[in-house]
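Chemist:
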Amino acid sequence: MNRLMSRGAVNALLILAAAYTLLPLSWLLFSSTKSLPDLYATSGFAFGDLNLGANLAKVAGEGDGIFFRWYLNSVLYAGVGGAISALVSVMCGYAFDKYAWLGKEKLFGLVLLGVLVPTTATALPLYLLASKAGLVNTFWAVFIPVLVHPFGVYLARVLSSGYVPGEVLEAARSDGAGEVRTFFSIALPMLKPAFVTIFLFQFTAIWNNFFLPLVMLSDQKLFPLSLGLFSWNSQAYAFPEYQTLTITGALLSIVPLLVVFGFLQRFWKAGMTAGSVK
Numbered sequence: 001m002n003r004l005m006s007r008g009a010v011n012a013l014l015i016l017a018a019a020y021t022l023l024p025l026s027w028l029l030f031s032s033t034k035s036l037p038d039l040y041a042t043s044g045f046a047f048g049d050l051n052l053g054a055n056l057a058k059v060a061g062e063g064d065g066i067f068f069r070w071y072l073n074s075v076l077y078a079g080v081g082g083a084i085s086a087l088v089s090v091m092c093g094y095a096f097d098k099y100a101w102l103g104k105e106k107l108f109g110l111v112l113l114g115v116l117v118p119t120t121a122t123a124l125p126l127y128l129l130a131s132k133a134g135l136v137n138t139f140w141a142v143f144i145p146v147l148v149h150p151f152g153v154y155l156a157r158v159l160s161s162g163y164v165p166g167e168v169l170e171a172a173r174s175d176g177a178g179e180v181r182t183f184f185s186i187a188l189p190m191l192k193p194a195f196v197t198i199f200l201f202q203f204t205a206i207w208n209n210f211f212l213p214l215v216m217l218s219d220q221k222l223f224p225l226s227l228g229l230f231s232w233n234s235q236a237y238a239f240p241e242y243q244t245l246t247i248t249g250a251l252l253s254i255v256p257l258l259v260v261f262g263f264l265q266r267f268w269k270a271g272m273t274a275g276s277v278k
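For the sequence shown, position 66 matches number 66 in full-length UniProt numbering, and the numbering has no gaps at all.
#1: Pick helix, strand or coil for residue 236, following the three-state DSSP scheme.
#2: If you run the structure through DSSP and keep just helix, strand and coil, what is residue 137?
#3: Taking Cβ positions, are residue 81 and residue 206 nearer each other than 7 angstroms?
#4: If we ignore side chains and look at the alpha-carbon of each, how far apart do residue 91 and residue 57 end up?
#5: What does the alpha-carbon distance come out to for the pair residue 258 and residue 25?
#6: Measure the C-alpha to C-alpha separation of residue 255 and residue 46 and round it to an integer number of angstroms.
#7: Hey, how far is the Cα of residue 40 from the Cα of residue 70?
#8: Indicate the three-state DSSP secondary structure (helix, strand or coil) for residue 167 in the structure shown.
#9: Quick check: the Cα distance between residue 14 and residue 261, rounded to an integer number of angstroms?
#10: Compare the beta carbon distance of residue 225 and residue 74 with 7 angstroms and say whether it is the shorter of the two.
#11: Are the CB atoms of residue 191 and residue 163 nearer to each other than 7 angstroms?
#12: Are there three or more Cβ pairs, one per stretch, closer than 8 angstroms when the stretch 111 to 130 is compared with the stretch 206 to 222?
#13: In this structure, how does DSSP classify residue 147 when only helix, strand and coil are distinguished?
#14: Using only CA atoms, which one of 42, 153, 62, 180 lies nearest to residue 109?
#15: Take residue 104 and list the residues in its own chain whose beta-carbon comes closer than 8 angstroms to its own, dropping the five residues that flank it on each side.
#16: Distance, Cα to Cα, residue 292 vs residue 99?
#17: Return the first residue and the last residue of the alpha helix (DSSP H) that residue 85 is part of.
#18: Between the C-alpha atoms of residue 106 and residue 115, what's the straight-line distance to the nearest angstrom?
#19: Please classify residue 105: does DSSP put it in a helix, a strand, or coil?
#20: Say whether the stretch 196 to 204 touches the stretch 218 to 234, bearing in mind that this needs 3 or more beta-carbon pairs closer than 8 angstroms, one atom from each stretch.
#21: When DSSP labels each residue in this structure, what does residue 153 get in the three-state scheme?
#22: Do you know offhand how far residue 235's Cα is from residue 242's?
#23: Taking only three categories from DSSP, how would you classify residue 263?
#24: Going by alpha carbons, who is nearest to residue 239 out of 172, 36, 143?
#25: In the stretch 179 to 210, which residue ranges form an unbroken alpha helix (DSSP H) of at least 4 residues, counting only runs that do not cross its ends?
#26: Which of helix, strand or coil does DSSP assign to residue 34?
#27: Only counting the same chain, and skipping five residues up and downstream in sequence, which positions put a Cβ closer than 6 angstroms to that of residue 78?
#28: Does the ligand NAD have even one heavy atom less than 6 angstroms from the beta-carbon of residue 70?
#29: Go to residue 53, then tell me how far its alpha helix (DSSP H) extends in each direction, as first and last residue.
Printed below as a string of structure tokens:
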């Protein structure tokens, strides 16, 4: 009886937590179906006049389709940048785990220090560096900084120690494989769950990145979705029709996150259980 009560309590708490998590998404879904009058005249958790198609058409037509330019920018920043960042993190974590050199632990301590520094604190120094390099208000001003991910390096080192046995690497070297070939042919396939785990963390962080693009960019054609939707929301005070554009655009902006997590979650789960089975 006590066991059933405990299980019921845990399940009830999990259901409440899930409902709380899905509450903003539910509001977004309901609100995106409403016209501007219905948005203020109906309940937040009720469908309006099913105006979703018209809202999507308005989003597509606003600013000669600037929303889809923002969408493409976010895909490039988060997709390509996240993949390169994950690869760099895996390579660095592998090197920290499998190689020995003078000052390795001190350097790794600096990496851990980078984990503790909030990204907003680095925005101004990055802007000054980009200004010196002539990269302000360019694609590279946002793309290059996201390639460095200190937490990814730390996580890759931990996962490398659990996934890549040293004996396998020694066997490859004994067969004449060089270090580069050993990494890409032997270690990297073993570290696929680690790569995907780091990619998912970084993809989400870059997709939601707001402050760095805000500091670096002034050209709307370079905006990611986060900054573009913010610009629309800022105009909603003077032009209320931007309210429905912002809500519908926000609904569309979560689709890639759902797709990426849906396709890659099995690798992520494997990454979270690294080393649990020997």
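Where is the CB? At the ideal position from N, CA and C, for every residue including glycine. Quick caveat, the model's predicted, so the values are computed rather than measured.
Modeler: The answer reads as follows:
#1: coil
#2: coil
#3: yes
#4: 44 angstroms
#5: 12 angstroms
#6: 21 angstroms
#7: 28 angstroms
#8: helix
#9: 20 angstroms
#10: yes
#11: yes
#12: yes
#13: helix
#14: 153
#15: 96
#16: With the chain represented from 1 up to 278, any question about residue 292 goes unanswered, as that position is not in the structure.
#17: 81 to 98
#18: 15 angstroms
#19: helix
#20: no
#21: helix
#22: 7 angstroms
#23: helix
#24: 36
#25: 179 to 182, 192 to 207
#26: coil
#27: 203, 206, 207
#28: The ligand content of the structure shown is nil, which means the ligand NAD is not present either.
#29: 52 to 61
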